[in-house]
Amino acid sequence: MSEAPTIVRTTIDQLGQHVGQTVCLQGWLYDKTAKGKLQFLKLRDGTGIVQAVVFKGSVPDGSWQAAEGLTQESSCTVAGEVKADARAPGGFELSVTAVEAIHIAPEYPISPKEHGVDFLMGNRHLWLRSRRQHAILRIRAAIVRAMRDWMDTHGFTLIDAPILTPAACEGTSTLFETDYFGDKAYLTQSGQLYMEAAAMAFGRVYSFGPTFRAEKSKTRRHLTEFWMLEPEMAFVELDESLRIQEEFVSHVVQTLLARNHDDLVEIGRDLTKLANVKPPFPRLTYDEAVKVLQAEGSEIQWGMDFGGADETILANRYDRPVFVTHYPVECKAFYMKRDPERPEVVQCADLLAPEGYGEIIGGSQREDDLDALVSRMQENGLPPEGYEWYLDLRRYGSVPHSGFGIGLERTVAWICGLEHVRETAPFPRMLTRIYP
Ligand code: 4AD
Ligand code: MG
Numbered sequence: 004m005s006e007a008p009t010i011v012r013t014t015i016d017q018l019g020q021h022v023g024q025t026v027c028l029q030g031w032l033y034d035k036t037a038k039g040k041l042q043f044l045k046l047r048d049g050t051g052i053v054q055a056v057v058f059k060g061s062v063p064d065g066s067w068q069a070a071e072g073l074t075q076e077s078s079c080t081v082a083g084e085v086k087a088d089a090r091a092p093g094g095f096e097l098s099v100t101a102v103e104a105i106h107i108a109p110e111y112p113i114s115p116k117e118h119g120v121d122f123l124m125g126n127r128h129l130w131l132r133s134r135r136q137h138a139i140l141r142i143r144a145a146i147v148r149a150m151r152d153w154m155d156t157h158g159f160t161l162i163d164a165p166i167l168t169p170a171a172c173e174g175t176s177t178l179f180e181t182d183y184f185g186d187k188a189y190l191t192q193s194g195q196l197y198m199e200a201a202a203m204a205f206g207r208v209y210s211f212g213p214t215f216r217a218e219k220s221k222t223r224r225h226l227t228e229f230w231m232l233e234p235e236m237a238f239v240e241l242d243e244s245l246r247i248q249e250e251f252v253s254h255v256v257q258t259l260l261a262r263n264h265d266d267l268v269e270i271g272r273d274l275t276k277l278a279n280v281k282p283p284f285p286r287l288t289y290d291e292a293v294k295v296l297q298a299e300g301s302e303i304q305w306g307m308d309f310g311g312a313d314e315t316i317l318a319n320r321y322d323r324p325v326f327v328t329h330y331p332v333e334c335k336a337f338y339m340k341r342d343p344e345r346p347e348v349v350q351c352a353d354l355l356a357p358e359g360y361g362e363i364i365g366g367s368q369r370e371d372d373l374d375a376l377v378s379r380m381q382e383n384g385l386p387p388e389g390y391e392w393y394l395d396l397r398r399y400g401s402v403p404h405s406g407f408g409i410g411l412e413r414t415v416a417w418i419c420g421l422e423h424v425r426e427t428a429p430f431p432r433m434l435t436r437i438y439p
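Rendered as structure tokens:
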């Protein structure tokens with residue numbers, strides 16, 4: 004008894020394994036052109052795009068008609084022989100033997116013509132299918148993987164921080180409040196305080212999750228919901244933390260250049276700008292930064308926080324990210340440790356990305372003395388009751404410790420070279436957008 008040959012079902016990224024064989028692909032029609040007895044279907048399946056050539060003489064009539072009926076974004080099953088073709092994008096082409104429509108789409112709202120950003124953001128659920136958006140989100144996934152790989156192989160344990168929290172970490176003005184069975188609760192601004200508890204239990208830890216800020220700022224760097232990776236390290240002081248940060252960030256950038264070269268080229272990134280991202284990163288104190296900015300004509304006075312334009316001026320002086328350290332106490336959060344030699348500044352550092360992407364990391368050594376911490380909380384108007392558990396960390400075996408938070412979307416915007424962070428999130432949440 005002879006068996007009917009079964010056709011292997013595969014995906015576009017695997018076509019190289021099947022040259023000379025007949026395979027079956029399932030996907031959506033990206034684009035189509037026709038010329039006499041030939042139809043050229045551009046098919047996408049989420050792993051890539053391939054050209055499928057339908058020759059009228061080589062397919063049953065039903066398949067020819069099915070191909071004719073496919074509109075942009077219609078779904079279909081296509082069988083054909085895999086041919087290696089150096090001129091084809093991806094290096095392969097499909098010589099079609101059969102076509103079957105799964106679902107015929109009505110006129111698709113996103114056409115190859117130019118659309119405004121508002122229109123595209125309103126159709127974000129469909130826009131994700133376009134080549135550029137697809138490449139950006141592949142890069143985002145690869146950045147997450149590189150970040151986690153580095154942490155997982157450098158002695159850090161992943162500890163998840165809660166999303167619903169009873170108190171603020173980064174100031175009370177950007178809290179999203181919610182009702183928690185009659186009590187007030189807030190969406191987390193940062194997992195840091197919980198990571199400090201975890202560091203006292205595990206030594207080196209990190210959290211990675213969504214964080215929320217009710218930011219009233221409508222800038223190209225702000226989202227109301229963003230992802231942050233937050234390492235926290237016991238027995239580590241500021242200087243060692245900065246060395247860890249520069250190793251970590253360099254690893255992420257160099258891994259992306261090696262593994263996602265084609266994606267970065269697809270979106271038009273100037274790769275020479277990323278090649279230099281290797282340790283050591285330059286360091287500048289806040290005092291030095293203020294002098295530089297004043298010399299460049301900025302209005303900044305000692306004690307003021309930097310604006311986006313100030314950060315860009317500072318970052319443009321270097322070919323890799325730059326640390327700005329030792330900000331005035333008033334500019335920074337309550338948990339940062341004062342410099343014992345200069346109590347008007349804290350032992351902190353922001354990492355500014357090159358090319359105007361601004362602050363991608365905020366970090367510091369933490370105040371480990373109970374009394375000093377309590378008085379910082381009072382100065383900031385934070386009720387100690389909400390933080391008793393956090394103060395316990397300074398009561399039971401307090402140690403010097405440091406940590407930092409790296410914002411995923413700003414890191415993706417920088418590595419991709421994007422104008423605005425909104426394209427780095429699959430469904431970005433902003434001051435004026437929560438749909439779709
Ligand atoms: O400087 P931030 O506010 O630091 C913290 O939250 C610390 N608790 C982190 C820590 O030490 N564990 O935020 C850290 C980073 C920023 O450098 C930026 O990359 C990102 O989070 N970030 C935002 N990204 C997008 N939209 C916003 N509204 C952001 N706010 C902060
Ligand atoms: Mg910050």
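Each step along the sequence shown adds one to the number in our numbering, with nothing skipped, and position 384 is 387. Glycine included, every Cβ here is placed at the ideal spot set by N, Cα and C.
> Can you round the beta-carbon distance between A144 and I270 to whole angstroms, since I take them to be within the 8 Å contact cut?
Replying inline: Not a contact, Cβ separation roughly 14 Å.
> Comparing alpha-carbon positions, which option in L232, L259, E382 and N263 lies nearest Q248?
Replying inline: Across the set L232, L259, E382 and N263, the C-alpha of L232 shows the shortest separation from the C-alpha of Q248.
> If you follow the beta strand (DSSP E) that K38 is part of, which residue opens it and which one closes it?
Replying inline: Note, K38: beta strand (DSSP E), T25 to K38.
> So, are the CB atoms of G408 and G366 less than 8 Å apart?
Replying inline: Yes, these two residues count as a Cβ contact at 8 Å.
> From E110 to S77, what distance separates their C-alpha atoms?
Replying inline: Those two C-alpha atoms are separated by around 10 Å.
>> Can you tell me whether P234 is buried or exposed? The criterion is at least 16 other CB atoms within 10 Å of its CB, across all chains shown.
In response: Looking at its Cβ environment, which holds 16 or more other Cβ atoms inside 10 Å, P234 is buried.
> Residues in its own chain within less than 6 Å of T36 by CB, not counting five upstream and five downstream?
Replying inline: F43, listed in sequence order.
> Under 7 Å from any heavy atom of ligand 2, does the C-beta of G174 make it?
Replying inline: Not one heavy atom of ligand 2 lies closer than 7 Å to the C-beta of G174.
> Of the residues L373, G406, E382 and V402, which one's Cα is nearest the Cα of E391?
Replying inline: The residue among L373, G406, E382 and V402 with its C-alpha nearest the C-alpha of E391 is L373.
> On the premise that F215 lies in contact with Q195, defined as a C-beta separation below 8 Å, what is that separation, rounded to the nearest angstrom?
Replying inline: The beta-carbon separation of Q195 and F215, rounded to 14 Å, does not stay under the 8 Å limit for a contact.
> With burial defined as no fewer than 16 other Cβ atoms inside 10 Å of the residue's Cβ, what is the status of D313: buried or exposed?
Replying inline: Its Cβ being crowded by 16 or more others within 10 Å, D313 is buried.
>> Residues in the same chain with beta-carbon distance under 6 Å from A171, minus the five sequence neighbours each way, listed in chain order, please.
In response: Contacts found: L178.
>> Runs of 3 residues minimum, wholly inside the segment 132 to 186: which ones carry the beta strand (DSSP E) assignment?
In response: With a minimum length of 3 residues, the continuous beta strand (DSSP E) runs that stay inside the segment 132 to 186 are 180 to 183.
> From the DSSP output, which residues share a beta bridge with D353?
Replying inline: Answer by DSSP bridge pairing, in chain order: V327 and G365.
> Between which two residues does the beta strand (DSSP E) harbouring G212 extend?
Replying inline: In the DSSP annotation of this structure, the continuous segment of the beta strand (DSSP E) that includes G212 starts and ends at R207 to F215.
>> Within 10 Å of its beta-carbon, does M4 have 16 or more other beta-carbons around it, so buried, or fewer, so exposed?
In response: Unreliable positioning characterises M4 in this predicted model, as indicated by a pLDDT of 49, which lies under 50. The coordinate reading is nonetheless provided below. With fewer than 16 Cβ atoms within 10 Å of its Cβ, M4 is classed as exposed.
>> Assuming contact is defined by CB atoms lying nearer than 8 Å, are L287 and V252 in contact in what I supplied?
In response: In this structure, V252 does not lie closer than 8 Å to L287 by Cβ.
> Around the C-beta of G389, are 16 or more other C-beta atoms found within 10 angstroms, so that it is buried, or is it exposed?
Replying inline: Exposed, by the Cβ-count rule.
> Can you name the start and end residues of the beta strand (DSSP E) that I15 belongs to?
Replying inline: It is not in any beta strand (DSSP E) - I15 carries neither H nor E in the DSSP assignment.
>> From the DSSP secondary-structure annotation, give me the bridge partner or partners of T288.
In response: Beta bridge pairing from DSSP links T288 with T328.
> What number of angstroms, rounded off, separates the C-alpha of T427 from the C-alpha of H225?
Replying inline: Distance from the CA atom of T427 to the CA atom of H225, rounded to whole angstroms, is 12 Å.
> Quick one: Cα of Q54 to Cα of L296, how far?
Replying inline: The C-alpha of Q54 lies about 54 Å from the C-alpha of L296.
> Near K335, what residues of its chain come up, given a Cβ to Cβ distance below 6 Å and the 5 sequence neighbours on each side ignored?
Replying inline: Result list for K335: V349 and C351, in chain order.
> Buried or exposed: I437, going by 16 or more other Cβ atoms within 10 Å of its Cβ?
Replying inline: Burial call: exposed.
>> On the criterion of 16 or more Cβ atoms from any shown chain inside 10 Å, does L167 qualify as buried, or is it exposed?
In response: Under this definition L167 is an exposed residue.
>> Is any non-hydrogen atom of ligand 1 found closer than 7 Å to the C-beta of R436, if you look at the structure I gave you?
In response: No - ligand 1 has no heavy atom lying nearer than 7 Å to the Cβ of R436.
> Taking C-alpha atoms, which residue in R413, G119, R148 and R132 lies nearest to Y33?
Replying inline: Per the Cα distances, R132.
> Would V62 pass as a contact of T100 if the rule is Cβ separation under 8 Å?
Replying inline: Against a cut-off of 8 Å, the Cβ pair of T100 and V62 comes out as a contact.
> Cβ-heavy atom distance between F353 and ligand 2 below 7 Å?
Replying inline: For the record, residue 353 in the displayed sequence is Asp; it is not Phe. Yes.
> Straight-line CA distance for G358 to W417?
Replying inline: One detail in the question is off: residue 358 reads as Glu in this sequence, not Gly. Those two C-alpha atoms are separated by around 8 Å.
> Cβ atoms of A70 and V57: under 8 Å apart, would you say?
Replying inline: Closer than 8 Å, so yes.
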